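A.B. asks: Take the position in the sequence shown, starting the count at 1, then add 694; the result is the number in this note's numbering. Please find one structure pasted underneath; my questions will follow.
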Amino acid sequence: MSDAGKREAATGRKALRIAGRAVACATSGATLAACGFSWYTYHDLTAGLTTSNAIQVVQQAAKAQGVAAPPPHLDKSVNILLIGLDSRKDQDGNDLPKQFVQDDLMAGSSDIGGYNTNTLILMHIPAGGGRVEAFSIPRDDYVDLVNVPGAHPLGKGKIKEAYDQAKYYAEEQLSQQYSGADLEHRGRDAGRAATLLTVQKFLNVPIDHFAELNLKGFYDVAQALGPITVCLKKDISDPIISRTATTAGGGSGFVGHAGLNQLDPTMALAFVRQRHNLPDGDFDRTHRQQAFIASVTTKLKQEGVFGDLGRMQGLLNAVKQDVVLDNTWDLLDFAQQATNLTGGNTEFNTLPMERYATLSDGEDVNIVDVAKVQAMVRQAITGVDTAPPSAAPSDSATPSPSGSSSPSTGPTPGSPTPAAPTSPAAGTDDSGDGGDASQPSPTDSYAGPAVDGGVPCVN
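Shown next, in the form of structure tokens:
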């Protein structure tokens, strides 16, 4: 064969190979990760994101003696835990700029807040599509706090305290080996693992992935998405009072009017943080967080973000410094499932509580019936009513530390045995206490599917 013939044959074979690859891509569904973009594109998309190995730590801990593992998935459904920290520090533990914290976050100073998880939401994404179930966990629910095997036991306390306490004890143990940012990173991973283990035990479901953000991370998300639309049932003002450099005082600074409101990042953060001047306090704040997520996911769908690599990359670039994801999470694969999260295909649930109580150390908590909570979650996920006969929730527990709102001092020892109900002093702690123990528990007035194409109205 002549040289020209050889070149023509080689060109033909190359064309067939290219055509074959195109057919293979098309017949595989032309999925985003497998065909549309290369590994380089995926790496470029996720480069710079802060990741954590806490999921692997939890999976190993669940196999260890003494740590009860939740039942495994029976299908390919996915459970994601959203963690919102009250921290005003960056990922290395450094204080955020003073004026930014005061003016943009309206959050006092970086000395306030500690590492309590003021938001915990479990998202259950069913296999093969269908309605997503979201469960908001009230931050003051009084539960068993679970640490990894071999670490300092945490006893019983508010569920929000698992992160702060585990971080404190881990740093206390590791302070001779590490310092600065290295110590901060290891402490936070310990806090994440304890939070995941605690939620898994409380709800009796496995957690596959998590996303964590602090106040600045939330601010960055709201800024990257542009104005966020929320709906209020009535005019409301929550002025900041008695705030100093070391005390948050009361109030979020939120101001809104009845009907639809377009929120900038500062007001968006105040909207989801407000707990004073609301009929049901923390429970209304929980409903606001649910409504905010519904609004954001609707906006993402309307703007086609999940189907637009450029928009996804722009969003991730804006938030990657302040958002932490587990290192097993394939974001491109998740983007294909995320359409179920948007446009009203998510049902929000707030976990039930039995009553308020005040512990002997003055802490106000939510008393919960764990069996009832687990039955509710299981029924929402499977559609099967598994509710057992409800027993009276136990208030007693062995002594354990009460979580500190300051990471510099660590947990304060105290006895978590409930005392006679008393009214908490409002507005003295930015992390917030439970509701008034002398009042009945609030009813969950906002539960059900998010409005398709609209925005739920809340207090």
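All residues carry an ideal CB built from backbone N, CA and C; glycine is no exception. Owing to the predicted nature of the structure, the values given are computational and were not obtained by experimental measurement.
So what does DSSP say about His903, is it helix, strand or coil?
C.D. replies: Position 209 of the sequence shown, counted from the start, is the residue given in the question as residue 903. Of the three classes helix, strand and coil, the one that applies to His903 here is strand, per DSSP.
A.B. asks: Considering only the alpha carbon of each residue, which of Arg880, Lys910 and Ile853 lies closest to Glu865?
C.D. replies: As a first step, residue 865 is located in the sequence shown; it is residue number 171 there, counting from the start. The shortest C-alpha separation from Glu865 is found at Arg880.
A.B. asks: Express the C-alpha separation of Ser869 and Leu972 in angstroms, rounding to a whole number.
C.D. replies: Translated into the one-based positions of the sequence shown, residue 972 becomes position 278. Translated into the one-based positions of the sequence shown, residue 869 becomes position 175. Distance between the alpha carbons of Leu972 and Ser869: 42 Å.
A.B. asks: Are the Cβ atoms of Arg782 and Ser746 separated by less than 8 Å?
C.D. replies: Numbered from its first residue, the sequence shown carries residue 782 at position 88. Numbered from its first residue, the sequence shown carries residue 746 at position 52. No, Cβ-Cβ distance for Arg782 and Ser746 is not below 8 Å.
A.B. asks: Select from Phe829, Gln793 and Phe794 the residue whose C-alpha is nearest the C-alpha of Thr658.
C.D. replies: As displayed, the chain neither begins before 695 nor continues past 1153, which places residue 658 out of reach and without an answer.
A.B. asks: Just to confirm the assignment, what range does the alpha helix (DSSP H) spanning Met1006 have?
C.D. replies: Counting from one through the sequence shown, the residue named residue 1006 turns up at place 312. Segment Leu1003 to Val1013, the alpha helix (DSSP H) holding Met1006.
A.B. asks: In terms of residues, what are the limits of the beta strand (DSSP E) holding Phe829?
C.D. replies: Position 135 of the sequence shown, counting from 1, holds the residue named residue 829. Secondary structure note for Phe829: its beta strand (DSSP E) is the uninterrupted segment Val826 to Ser830.
A.B. asks: Does the beta-carbon of Gln996, which I'm using as the reference point, lie nearer than 7 Å to any heavy atom of the ligand NAP?
C.D. replies: In the structure on display, the ligand NAP does not appear, and there are no ligands present to speak of.
A.B. asks: Between the region 907 to 926 and the region 948 to 955, can you find at least three pairs of beta-carbon atoms closer than 8 Å?
C.D. replies: yes
A.B. asks: Checking 8 Å against the spacing of the C-beta atoms, do Phe904 and Asp1020 come in under that value?
C.D. replies: For the purposes of this step, residue 904 is taken as residue 210 along the sequence shown, with counting starting at 1. For the purposes of this step, residue 1020 is taken as residue 326 along the sequence shown, with counting starting at 1. Yes, these two residues count as a Cβ contact at 8 Å.
A.B. asks: Give every residue of the same chain whose Cβ lies closer than 6 Å to the Cβ of Val840, excluding the five residues on either side of it in the sequence, and list them in chain order.
C.D. replies: Working through the sequence shown from its first residue, we reach residue 840 at position 146. Excluding sequence neighbours, Val840 sits near Leu891, Thr892 and Lys895.
A.B. asks: Hey, Lys850 and Tyr836: beta-carbon distance below 8 Å or not?
C.D. replies: In the sequence shown, residue 850 corresponds to position 156, counting from 1. In the sequence shown, residue 836 corresponds to position 142, counting from 1. It is a contact, given that the beta carbons lie within the stated cut-off.
A.B. asks: Helix, strand or coil: which one does DSSP assign to Phe977?
C.D. replies: For the purposes of this step, residue 977 is taken as residue 283 along the sequence shown, with counting starting at 1. DSSP places Phe977 in helix when its eight states are reduced to three.
A.B. asks: If contacts are defined as beta-carbon pairs under 8 Å, then Lys757 and Ala763 qualify, I think. What distance do you get, rounded to the angstrom?
C.D. replies: Counted from its first residue, the sequence shown places residue 757 at position 63. Counted from its first residue, the sequence shown places residue 763 at position 69. With 8 Å as the limit, Lys757 and Ala763 qualify as a contact, their Cβ atoms being about 7 Å apart.
A.B. asks: Over the uninterrupted alpha helix (DSSP H) stretch that includes Val842, give me the two end residues.
C.D. replies: By 1-based counting over the sequence shown, the position of residue 842 is 148. No alpha helix (DSSP H) holds Val842; DSSP gives it neither H nor E.
A.B. asks: Mapping DSSP to helix, strand and coil, what is Glu878?
C.D. replies: Sequence index remark: in the sequence shown, residue 878 carries index 184 (1-based). Here Glu878 sits in helix by DSSP.
A.B. asks: Given that a residue counts as buried once 16 or more other Cβ atoms are within 10 Å of its Cβ, and exposed if not, what is Pro791?
C.D. replies: Position 97 of the sequence shown holds residue 791. Answer is exposed; the Cβ neighbour count stays below 16.
A.B. asks: Buried or exposed for Asn812, going by 16 or more other Cβ atoms inside 10 Å?
C.D. replies: Residue mapping note: residue 812 aligns to position 118 of the sequence shown, counting from 1. Under this definition Asn812 is a buried residue.
A.B. asks: Which of helix, strand or coil does DSSP assign to Met800?
C.D. replies: Start at 1 with the first residue of the sequence shown, and residue 800 comes out as number 106. Residue state, collapsed to three classes: coil.
A.B. asks: Answer yes if the region 1041 to 1060 comes into contact with the region 814 to 828, meaning at least three C-beta pairs across the two stretches below 8 Å, and no otherwise.
C.D. replies: yes
A.B. asks: Quick one: what's got a C-beta closer than 8 Å to Ser1094's C-beta in the same chain, skipping five residues either side?
C.D. replies: As a working mapping, residue 1094 is identified with position 400 in the sequence shown. The pLDDT assigned to Ser1094 is 40, lower than 50, so where the model puts this residue is not dependable; a value taken from the coordinates is nonetheless given after this. Cβ within range, chain order: Leu839, Pro847, Leu848, Gly849, Lys850, Gly851 and Pro1110.
A.B. asks: By the DSSP assignment, the alpha helix (DSSP H) with Gly808 in it spans what residues?
C.D. replies: Here residue 808 refers to the residue found at position 114 when the sequence shown is read from its first residue. Taken as a continuous stretch (DSSP letters only), Gly808 belongs to no alpha helix (DSSP H), as it is neither H nor E.
A.B. asks: Rounded to the nearest angstrom, what separates Gln968 and Gly742 at their Cα positions?
C.D. replies: Counting from 1 along the sequence shown, the entry for residue 968 is found at position 274. Counting from 1 along the sequence shown, the entry for residue 742 is found at position 48. The alpha-carbon atoms of Gln968 and Gly742 are separated by roughly 32 Å.
A.B. asks: Using CA coordinates, which residue listed in Asp1063, Pro959, Ala1065 and Gln1073 is at the minimum distance from Ala918?
C.D. replies: Against the sequence shown, residue 918 aligns to sequence position 224. Ala918 has its Cα closest to that of Pro959, out of Asp1063, Pro959, Ala1065 and Gln1073.
A.B. asks: Please report the distance separating the alpha-carbon of Leu768 from that of Gln1073.
C.D. replies: Translated into positions along the sequence shown, residue 768 becomes position 74. Translated into positions along the sequence shown, residue 1073 becomes position 379. Each residue's alpha carbon lies about 14 Å from the other.
A.B. asks: On the three-state DSSP scale, how would you describe Arg982?
C.D. replies: Counted from its first residue, the sequence shown places residue 982 at position 288. The answer is helix: DSSP assigns Arg982 an H, G or I state.
A.B. asks: Determine which residues share a DSSP beta bridge with Lys852 and list them.
C.D. replies: Taking the first residue of the sequence shown as 1, we reach residue 852 at position 158. Lys852 is bridged to Tyr836.
A.B. asks: Cα separation between Asp974 and Ile831?
C.D. replies: Against the sequence shown, residue 974 aligns to sequence position 280. Against the sequence shown, residue 831 aligns to sequence position 137. Spanning the two alpha carbons is a distance of roughly 15 Å.
A.B. asks: Secondary structure at Gly1128, three-state DSSP: helix, strand or coil?
C.D. replies: Locating residue 1128 in the sequence shown gives position 434, where the first residue counts as 1. Model confidence at Gly1128 stands at a pLDDT of 49, short of 50, so the residue's coordinates are unreliable and nothing is read from them.
A.B. asks: My understanding is that Leu779 touches Tyr809, with C-beta atoms under 8 Å, so please give their C-beta distance in whole angstroms.
C.D. replies: Mapped onto the sequence shown, residue 779 falls at position 85. Mapped onto the sequence shown, residue 809 falls at position 115. That pair is a contact at about 6 Å.
A.B. asks: According to DSSP, is Gly714 part of a helix, a strand, or is it coil?
C.D. replies: Counting from 1 along the sequence shown, the entry for residue 714 is found at position 20. Here Gly714 scores only 46 on pLDDT, less than 50, and its place in the model should not be relied on; the value that follows carries that caveat. Correct three-state label for Gly714: helix.
A.B. asks: Between Ile749 and Thr1052, is the Cβ-Cβ spacing less than 8 Å?
C.D. replies: Taking the sequence shown and counting its residues from 1, the one referred to as residue 749 is at position 55. Taking the sequence shown and counting its residues from 1, the one referred to as residue 1052 is at position 358. It is not a contact, given that the beta carbons lie outside the stated cut-off.
A.B. asks: Do the CB positions of Lys910 and Thr744 come within less than 8 Å of each other?
C.D. replies: As a first step, residue 910 must be located in the sequence shown, where it is residue number 216. As a first step, residue 744 must be located in the sequence shown, where it is residue number 50. No.
A.B. asks: By how many angstroms is the C-alpha of Ser873 removed from the C-alpha of Lys1066?
C.D. replies: Taking the sequence shown and counting its residues from 1, one reaches residue 1066 at position 372. Taking the sequence shown and counting its residues from 1, one reaches residue 873 at position 179. Their Cα atoms are separated by approximately 43 Å.
A.B. asks: What's the call for Asp834, buried or exposed, on a 16-neighbour Cβ count within 10 Å?
C.D. replies: Translated into the one-based positions of the sequence shown, residue 834 becomes position 140. Residue burial annotation: Asp834 is buried, with at least 16 other C-beta atoms found within 10 angstroms of its C-beta.
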